[in-house]
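Numbering (the numbering used here), first residue to last: 11 to 261. Beneath this line is the structure, given in structure tokens, with notes to follow.
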Ligand SMILES: NC(=O)c1ccc[n+]([C@@H]2O[C@H](COP(=O)([O-])OP(=O)(O)OC[C@H]3O[C@@H](n4cnc5c(N)ncnc54)[C@H](OP(=O)(O)O)[C@@H]3O)[C@@H](O)[C@H]2O)c1
């Protein structure tokens with residue numbers, strides 16, 4: 011594929027992301043607390059997470075192996091960041107979930123697999139065929155700031171995900187108001203962390219597929235954060251009034 015065609019594919023992909031963003035303002039993606047009946051067949055929540063998230067690793071490697079980056083190169087490190095995130099998300103995170111007996115619509119798992127297939131393709135293909143970075147990239151401000159954002163975002167995402175998961179005792183499936191730390195400021199610090207992480211990745215890779223991924227992450231998670239925030243406000247009378255959805259003091 012030529013670079014021009016590749017860029018065109020990304021443009022169409024980003025346009026689709028914009029449509030999804032607007033659609034998610036009206037539809038609450040039906041998994042987790044927003045699960046409702048009427049979305050067709052369902053599957054076990056744990057299995058759904060593993061299937062959805064492992065897809066990206068398979069597709070990413072399928073394309074990256076067309077030209078593997080030399081060890082210690084900027085591309086190898088970027089691929090390492092990406093793989094580390096998804097190894098955790100697909101193989102570790104699901105085993106800690108306390109969602110016994112919960113189901114998710116097959117439709118959600120399939121649509122996430124489609125998203126992950128496209129994302130894995132775009133990044134794998136880019137790293138194998140178009141990515142070129144000088145060795146000095148490691149000291150470039152974009153790489154340094156992007157890496158700080160990526161690691162900081164990942165730390166916030168993982169820490170707050172596990173704080174949420176541990177709000178339940180094993181076997182419980184209900185919800186309580188999260189408190190302490192970043193939860194005093196916003197309802198969804200875990201989703202904020204994920205967004206910061208991929209904005210950092212876009213910066214450190216200074217690439218169109220990285221930017222498209224950050225855009226899609228925001229398109230998916232900003233409406234979800236708003237839906238979570240409204241859900242907390244509707245469910246708990248005592249929900250803290252000052253707490254914002256995603257961005258402290260602002261939104
Ligand atoms: N890059 C992307 O586009 C993308 C898209 C989706 C998700 N993700 C990532 O995947 C991870 C999980 O996403 P999510 O939307 O499932 O997050 P979430 O709704 O915040 O839930 C995270 C986990 O904590 C539990 N939980 C949440 N709030 C709770 C509460 N108040 N009381 C008790 N338990 C609570 C949830 O149980 P239930 O499942 O039973 O609600 C779930 O197991 C996040 O790190 C997110 O960033 C990324």
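Backbone N, C-alpha and C fix where the C-beta goes; we use that ideal spot for every residue, glycine too.
Asked: Exposed or buried, residue 63, counting other C-beta atoms within 10 Å across all chains shown (16 or more means buried)?; Found: buried
Asked: Would you kindly work out how many angstroms separate the C-alpha atoms of residue 227 and residue 153, rounded to a whole number?; Found: 20 Å
Asked: Only counting the same chain, and skipping five residues up and downstream in sequence, which positions put a Cβ closer than 8 Å to that of residue 80?; Found: 86
Asked: Distance, Cα to Cα, residue 60 vs residue 75?; Found: 23 Å
Asked: Could you check whether the Cβ of residue 124 sits closer than 7 Å to any heavy atom belonging to ligand 1?; Found: no
Asked: Going by C-alpha to C-alpha distance, which of 53, 260, 248, 214 sits closest to residue 264?; Found: Because residue 264 is not part of the residues shown, which for the chain are 11 to 261, the question remains open.
Asked: With 16 as the cutoff for other CB atoms within 10 Å, does residue 204 come out buried or exposed?; Found: buried
Asked: Tell me, please, which residues DSSP counts as bridged to residue 54.; Found: 113
Asked: State buried or exposed for residue 65, treating a residue as buried only when at least 16 other CB atoms are found within 10 Å of its CB.; Found: buried
Asked: Using only the alpha-carbon positions, how far apart do residue 142 and residue 182 sit?; Found: 49 Å
Asked: Looking at residue 156: is its Cβ nearer than 8 Å to the Cβ of residue 78?; Found: no
Asked: Closer than 7 Å by C-beta to residue 17: which residues in its own chain qualify, once you throw out the five before and the five after it? Chain order, please.; Found: 218
Asked: Taking only the alpha-carbon atoms, compute the straight-line gap between residue 71 and residue 102 and give it to the nearest angstrom.; Found: 19 Å
Asked: Mind checking who residue 196 pairs with in its DSSP beta bridge?; Found: 254
Asked: Give the C-beta separation of residue 223 and residue 133 to the nearest angstrom, bearing in mind that I take them to be a contact with Cβ-Cβ under 8 Å.; Found: 7 Å
Asked: Would residue 249 pass as a contact of residue 43 if the rule is Cβ separation under 8 Å?; Found: no
Asked: Considering only heavy atoms of ligand 3, does any lie closer than 7 Å to the CB of residue 185?; Found: For the structure depicted, ligand 3 is absent and the ligand set comprises only ligand 1.
Asked: Report the CB separation of residue 166 from residue 202 in whole angstroms; it is logged as a contact under 8 Å.; Found: 7 Å
Asked: I need the DSSP call for residue 249, collapsed to helix, strand or coil.; Found: coil
Asked: Would you identify the three-state DSSP class for residue 177, choosing helix, strand or coil?; Found: coil
Asked: According to the neighbour-count rule (16 or more other Cβ atoms, all chains shown, within 10 Å of its Cβ), is residue 69 buried or exposed?; Found: buried
Asked: Just to confirm, does residue 231 get its C-beta within under 7 Å of one of the non-hydrogen atoms of ligand 1?; Found: yes
Asked: Can the beta-carbon of residue 67 be found less than 8 Å from the beta-carbon of residue 93?; Found: yes
Asked: When you measure from the CB of residue 180 to every non-hydrogen atom of ligand 1, does any distance come out below 7 Å?; Found: no
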